[in-house]
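For reference, the structure discussed in these notes is given below.
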Amino acid sequence: MTVTRLRHGGGVQTPPPVRPRRRGIGWAQRLEIVALSGPAILVFVSFVIFPVLMAAYYGFYKWKGYGVPTNFVGLDNYKTILQDTAFHEALWHNAEILVLSLVLQGPVAIGLALLLNRRMRGQSAIRVLIFVPYVISEVITGTAWALILQTNGAGNDILSSIGLGALTEDWLADPKLAIWSLMFILTWKYVGFAVILFLAGMQNIPDELAEAAAVDGASFWQIQRHITLPLLGPTIRIWAFLSIIGSLQLFDLVYIIWGQYVASTAGTSTMATYMVVEGRNAANYGYGNAVAVVLFVISMVIALIYQRFVLRRDTEGALTGGR
Numbered sequence: 001m002t003v004t005r006l007r008h009g010g011g012v013q014t015p016p017p018v019r020p021r022r023r024g025i026g027w028a029q030r031l032e033i034v035a036l037s038g039p040a041i042l043v044f045v046s047f048v049i050f051p052v053l054m055a056a057y058y059g060f061y062k063w064k065g066y067g068v069p070t071n072f073v074g075l076d077n078y079k080t081i082l083q084d085t086a087f088h089e090a091l092w093h094n095a096e097i098l099v100l101s102l103v104l105q106g107p108v109a110i111g112l113a114l115l116l117n118r119r120m121r122g123q124s125a126i127r128v129l130i131f132v133p134y135v136i137s138e139v140i141t142g143t144a145w146a147l148i149l150q151t152n153g154a155g156n157d158i159l160s161s162i163g164l165g166a167l168t169e170d171w172l173a174d175p176k177l178a179i180w181s182l183m184f185i186l187t188w189k190y191v192g193f194a195v196i197l198f199l200a201g202m203q204n205i206p207d208e209l210a211e212a213a214a215v216d217g218a219s220f221w222q223i224q225r226h227i228t229l230p231l232l233g234p235t236i237r238i239w240a241f242l243s244i245i246g247s248l249q250l251f252d253l254v255y256i257i258w259g260q261y262v263a264s265t266a267g268t269s270t271m272a273t274y275m276v277v278e279g280r281n282a283a284n285y286g287y288g289n290a291v292a293v294v295l296f297v298i299s300m301v302i303a304l305i306y307q308r309f310v311l312r313r314d315t316e317g318a319l320t321g322g323r
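In full-length UniProt numbering, the protein residues as written are 1 to 323.
Here's what the structure looks like:
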């Protein structure tokens, strides 16, 4: 482009660059956006937004699950939820599961990921074996562990056969042990997903950084502490977010292993199991919908708070310096 110089008062001035005009979005682009995003939006509204709104609607009624609800009770269902000690216990159990999942699964998964990120024999086979429990269905997992951990199950039989009969316990019904049995099962099943996620995040870390640190005399653990873990931060935060949401909505394993009656007495009931027991099993679907709304609100609030104070640094480009 040729720059035209103008003389004004004996001086030479360069005119400001001409900014190209922004063109508005044409009808073709708009139709393309609607065609690409329309089906996804329709599915999301139909299977997410609409059911949430219907659950909120039915939550104001005492409804048995069929016909048009007519017995309007207002906020009575929600008052009952807030006053029911069984719901308080279920909420506390969810909080315990949430914290213990982060504390137990996180360090184990990071340690395994750091180990498997190094070149070693059978690396691929070990990765597959660690990931296998995650792909097993919850029904199979719950049924298998329920048989293993029952009083006369394989777990106690193995302890007795190796001379550790004094350690046999009622792993599922004892309130002091049931929560730890649940956490062992959850860690066994879901730690593989965290390991694969962390390994994928490590692949994005340039090898030159570790090589340069090694040349400067840094040990393996110093490299992991000061280079790998800080750069793995966004992946760890995403995993923590998924673990938090999963802990709040935990249902299938608890319901399969402990059932609707033992879960509350064993101290492993959750908000989701409470919803099914007090809603569907009690033929009080209006109350069950109200519990579902409360569960949705709690999950949404925690998700928004986490995104606001934890994930925001990643979305704003904290690692690249962009805002």
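Every residue gets a Cβ at the ideal spot worked out from N, C-alpha and C, and that includes glycine.
{"Asked": "Boundaries (first-last residue) of the alpha helix (DSSP H) holding T235", "Found": "G233 to L248"}
{"Asked": "Outcome for A28 when other beta-carbon atoms lying within 10 angstroms are tallied against a minimum of 16", "Found": "exposed"}
{"Asked": "Backbone CA spacing between A144 and G153 [nearest angstrom]", "Found": "10 Å"}
{"Asked": "L250 vs A272 beta-carbon contact at 9 Å", "Found": "yes"}
{"Asked": "Extent of the continuous alpha helix (DSSP H) run through Q222", "Found": "F220 to I223"}
{"Asked": "Which of helix, strand or coil DSSP assigns to Y57", "Found": "helix"}
{"Asked": "Neighbourhood of A173 by C-beta, 7 Å cutoff - its chain only, sequence neighbours within 5 removed", "Found": "V262 and A266"}
{"Asked": "Collapsed DSSP secondary structure at F72 in the structure displayed", "Found": "strand"}
{"Asked": "Between the CA atoms of D170 and L147 - distance to the nearest angstrom", "Found": "12 Å"}
{"Asked": "T143 - DSSP class collapsed to helix/strand/coil", "Found": "helix"}
{"Asked": "As assigned by DSSP and simplified to three states, the class of L36", "Found": "helix"}
{"Asked": "Length of the line joining the Cα atoms of L102 and V310", "Found": "15 Å"}
{"Asked": "Option in I126, A86, P107 and T141 with minimal Cα separation from V254", "Found": "T141"}
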